[in-house]
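Engineer:
Here you go:
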């Protein structure tokens, strides 16, 4: 490993169970790949805490979205990695479920979901406001 | 094309006003190593990547960087929400206020407006990828400087997340660059 966590990507997934975080930990730390996680000084990431069911539901969406995206970047460079594709497919299913669950309870995140009257995409929470 | 999703990449919920912190975080909005520069740099360079790997990676990382801009803007917005003119003066933001009021504006910590002079384009994908690696390292270092200055856990958590993403991007650019150097010898 070189300065600031340069790793040989071919070793990242040699042993899946050893080198990949579970989704919660991946979301907290900012990457699914264990070898790429390099903390700064004593700043240890803490898992985001949900105070309401709505926040909890949003965190699930963000978590799985984040994990799928991290795998997608890897697959851009290694498009033939079967293990990662199948692992990502599992997480994509979880992401879609989490998104459906949030939108059915709390309204639209994506405008293609907004099919009822009144049009709810514009009235759901704006991301920069503190969510309740 | 782009479709907007009404969610942040990672949650930002800052309850405590802190104008000083807002003013230093500005560097990651419109500064030379900031998220806006990153997004535009990769979005612009992707057209000259030699094959699918580069086109895909620069497109996807650029898109993520647009999400980071949104996180940084959210942090600034929440840190400044409800600030009075006296508080703005006290925090030394009076010059900024005179020009832009309470609006956000893509500028650095000193009020220098964002400029595309911060991004490079050389017509050489290897040179471009080296620039991208350097950019990720500079952004990583900037996030560490910001962490040194931060005290509120609500501010620290998103900064930790954003810093880690710079490490991930750096490694992907480096991997791609090494593959290209082997495969596309002049």
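Protein chains in written order, with this note's numbering: chain A, 1 to 132; chain B, 1001 to 1186.
The beta-carbon is built from N, C-alpha and C at its ideal position, and this holds for glycine as well.
Every value quoted in this text rests on a predicted model; they were computed, and no experiment measured them.
Could you work out which residues of chain A lie near residue 1060(B), taking near to mean beta carbons separated by less than 8 Å?
Structural biologist: Result: 69, 72, 73, 76.
Engineer: Look up residue 1113(B) in the DSSP assignment and say whether it is helix, strand or coil.
Structural biologist: If DSSP states are grouped into helix, strand and coil, residue 1113(B) belongs with the strands.
Engineer: In whole angstroms, what separates the C-alpha of residue 1159(B) from that of residue 115(A)?
Structural biologist: Rounded to whole angstroms, residue 1159(B) to residue 115(A) spans 36 Å at the Cα level.
Engineer: Would you grab the beta carbon distance between residue 1072(B) and residue 1042(B) for me? Rounded to a whole angstrom, and I think it's under 8 Å.
Structural biologist: No, residue 1072(B) and residue 1042(B) are not in contact; Cβ-Cβ is about 16 Å, not under 8 Å.
Engineer: Check for me: the alpha helix (DSSP H) holding residue 57(A) runs from which residue to which?
Structural biologist: It spans 53-77 - the alpha helix (DSSP H) in which residue 57(A) sits, taken as one unbroken run.
Engineer: Is it right to say residue 2(A) is buried, meaning 16 or more other beta carbons lie within 10 angstroms of its own, or is it exposed?
Structural biologist: With a pLDDT of 42 at residue 2(A), under the threshold of 50, the predicted position of this residue should be treated as unreliable, and no value is reported.
Engineer: Say whether chain B places a C-beta atom closer than 8 Å to the C-beta of residue 52(A).
Structural biologist: Closer than 8 Å: no.
Engineer: Going straight from the alpha carbon of residue 30(A) to that of residue 1047(B), what length do you get?
Structural biologist: Their backbone Cα atoms lie some 28 Å apart in a straight line.
Engineer: From residue 32(A) to residue 24(A), what does the alpha carbon distance come to, in whole angstroms?
Structural biologist: Taking the straight line joining both Cα atoms gives about 9 Å.
Engineer: Just mark residue 85(A) as buried or exposed, buried being the case when its beta carbon has 16 or more other beta carbons within 10 Å.
Structural biologist: Under this definition residue 85(A) is an exposed residue.
Engineer: Beta carbons nearer than 7 Å to chain A: which residues of the stretch 1154-1168 of chain B have them?
Structural biologist: The stretch 1154-1168 of chain B vs chain A, Cβ under 7 Å: 1156, 1157, 1160, 1161, 1163, 1164, 1165, 1167, 1168.
Engineer: Can you tell me whether residue 1101(B) is buried or exposed, with buried defined as 16 or more other CB within 10 angstroms of its CB?
Structural biologist: Looking at its Cβ environment, which holds fewer than 16 other Cβ atoms inside 10 Å, residue 1101(B) is exposed.
Engineer: Using a Cβ cut-off of 8 Å (strictly closer), state whether residue 61(A) contacts chain B.
Structural biologist: Answer yes: the Cβ-Cβ gap between residue 61(A) and chain B drops below 8 Å somewhere.
Engineer: Go through its chain and collect everything with a Cβ distance to residue 1139(B)'s Cβ below 6 Å, but skip five positions before and after it.
Structural biologist: 1033, 1166.
Engineer: Can you name, in chain order, every residue of its own chain whose Cβ lies under 7 Å from the Cβ of residue 1010(B), other than the five neighbours on each side?
Structural biologist: Closer than 7 Å at the Cβ level, and outside the excluded window around residue 1010(B), lie 1071, 1158, 1161.
Engineer: Using only the alpha-carbon positions, how far apart do residue 121(A) and residue 50(A) sit?
Structural biologist: Going from the Cα of residue 121(A) to the Cα of residue 50(A) covers about 23 Å.
Engineer: Please list the partners that residue 130(A) has in chain B, where partner means a Cβ-to-Cβ separation under 9 Å.
Structural biologist: What residue 130(A) touches in chain B: 1012, 1013, 1014, 1015, 1078, 1081.
Engineer: Can you check DSSP and say which residues form a bridge with residue 33(A)?
Structural biologist: Partner(s): 20(A).
Engineer: With a threshold of 7 Å (Cβ to nearest heavy atom), would residue 1050(B) be considered close to the ligand HEM?
Structural biologist: No copy of the ligand HEM occurs in the structure displayed, which carries no ligand at all.
Engineer: Find out if the Cβ-Cβ distance for the pair residue 62(A), residue 27(A) is shorter than 8 Å.
Structural biologist: Contact: yes.
Engineer: Taking the continuous alpha helix (DSSP H) assigned at residue 1139(B), which residues delimit it?
Structural biologist: Unbroken alpha helix (DSSP H) run through residue 1139(B): 1125-1149.
Engineer: Identify whether residue 4(A) lies in helix, strand or coil by the three-state DSSP scheme.
Structural biologist: Bear in mind that the predicted position of residue 4(A) carries a pLDDT of just 49, short of 50, making it too unreliable to give a figure here.
Engineer: DSSP puts residue 1026(B) in a beta bridge; with which residues?
Structural biologist: According to DSSP, residue 1026(B) bridges with nothing at all.
Engineer: Can you give me the C-alpha to C-alpha distance between residue 91(A) and residue 67(A), rounded to a whole angstrom?
Structural biologist: If you take the alpha carbons of residue 91(A) and residue 67(A), they lie about 7 Å apart.
Engineer: Could you tell me if residue 108(A) is buried or exposed, where buried requires 16 or more neighbouring beta carbons within 10 angstroms of its beta carbon?
Structural biologist: Classification of residue 108(A): buried, given that the 10 Å Cβ count is 16 or more.
Engineer: What number of angstroms, rounded off, separates the C-alpha of residue 1149(B) from the C-alpha of residue 1021(B)?
Structural biologist: C-alpha separation (whole angstroms): 8 Å.
Engineer: Examine chain A for any beta-carbon lying closer than 8 Å to the beta-carbon of residue 1056(B), and answer yes or no.
Structural biologist: Interface residue, yes.
Engineer: Find the residues of chain A that neighbour residue 1064(B), judging by a C-beta separation of less than 7 Å, and give them in chain order.
Structural biologist: By Cβ distance, chain A contributes 69.
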